[in-house]
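Note that the numbering used here has the sequence shown beginning at 39, numbered continuously upward.
Glycine is no exception: its CB is placed at the ideal position from the N, C-alpha and C atoms.
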Amino acid sequence: MAAGTLRRIGVFGGAFDPPHIAHVALARAALAQLQLDQLRIVPTGKAWHKSRSLTPAVHRLEMARLAFAELDRVVVDPRETLRSGPSYTVDTLLELRTEYPQAQLFLVLGQDQAEALGSWHRFSEIPEFATICVAARTDFTRARGMSDALPAEIPGLRRLEMPPLEVSATDIRLRLAQRQTVSPLVFEPVARYIAQHHLYQFA
Ligand code: ATP
39 MAAGTLRRIG VFGGAFDPPH IAHVALARAA LAQLQLDQLR IVPTGKAWHK SRSLTPAVHR
99 LEMARLAFAE LDRVVVDPRE TLRSGPSYTV DTLLELRTEY PQAQLFLVLG QDQAEALGSW
159 HRFSEIPEFA TICVAARTDF TRARGMSDAL PAEIPGLRRL EMPPLEVSAT DIRLRLAQRQ
219 TVSPLVFEPV ARYIAQHHLY QFA
């Protein structure tokens, strides 16, 4: 589809360190439920909100390409990894608004990220540029399930339906460091890439 004809563009950011089956399930849900013409996967450059350092962007970009390869209408967008300084979603949305002035933007998030939205850089401006769309997420590392708590009154908030998948990149990294299998939590091409490049050997 030519850039000028894209009307509905989704933006799905994350560390994708590594990308896993829940990321792909969320992408599928967003494409279908938001009737997106395109979903842009945007691996973060410098995650201002994560304390550990991320795997080099070149690997996370390539793993994202492999993980989402089978989904039509998905593109991996490297822009945040090319930007110096912290990766702020608001900057990405402003750039996309300039590049695709005819399109409506949808910001796709899991529940944990949505709960933290209030602390995001220039958070209050985001609903002016994009519809915020939140997928439920089960947190099996907490005693209770995640709350539905979101920063009060996000204008135009949409919920996305997806099956609960008890998977996180943290758990996958730990399993890899302990030489445990990560099938079926990551797709085979991603697992192969991880093995070939000796990623996540240490927790
Ligand atoms: P980590 O464990 O390293 O924090 P993660 O598994 O949460 O990683 P991210 O790359 O941080 O993965 O997540 C990108 C986006 O995908 C976030 O919006 C997050 O909420 C969402 N997401 C990740 N895993 C799930 C899941 N199991 N269910 C629903 N959403 C998810």
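- Look at Val112 here: in three-state DSSP terms it is strand.
- Annotation: the continuous alpha helix (DSSP H) that includes Ile210 extends over Ala207 to Ala215.
- The alpha-carbon of Leu77 is positioned some 33 angstroms away from that of Arg217.
- Shown here, Pro139 sits in coil according to DSSP, grouped into three states, outside any helix or strand.
- If the five residues before and after His159 are omitted, its C-beta is found closer than 7 angstroms to the C-beta atoms of Tyr126 and Val128, all from its own chain and listed in chain order.
- With respect to Ala68, Cys171 sits close: the two C-beta atoms are nearer than 8 angstroms.
- Using a Cβ distance threshold of 8 angstroms, Ala65 and Phe54 do not count as a contacting pair.
- For Ala41 and Gln73, the gap between their C-alpha atoms comes out near 16 angstroms.
- In the DSSP assignment, Val80 falls outside any alpha helix (DSSP H) and lies within the beta strand (DSSP E) extending over Gln76 to Pro81.
- At least one heavy atom of the ligand ATP sits closer than 7 angstroms to the Cβ of Phe54.
- The beta carbon of Ser221 sits closer than 8 angstroms to the beta carbons of Ala229 from its chain, once the five residues preceding and following it are set aside; these are given in chain order.
- Boundaries of the beta strand (DSSP E) around Thr169: Ala168 to Ala173.
- For the set Phe225, Thr136, Leu109 and Pro165, the Cα lying nearest the Cα of Leu145 is the one of Pro165.
- Inter-residue distance for Glu118 and Arg135 is about 15 angstroms (C-alpha atoms, whole angstroms).
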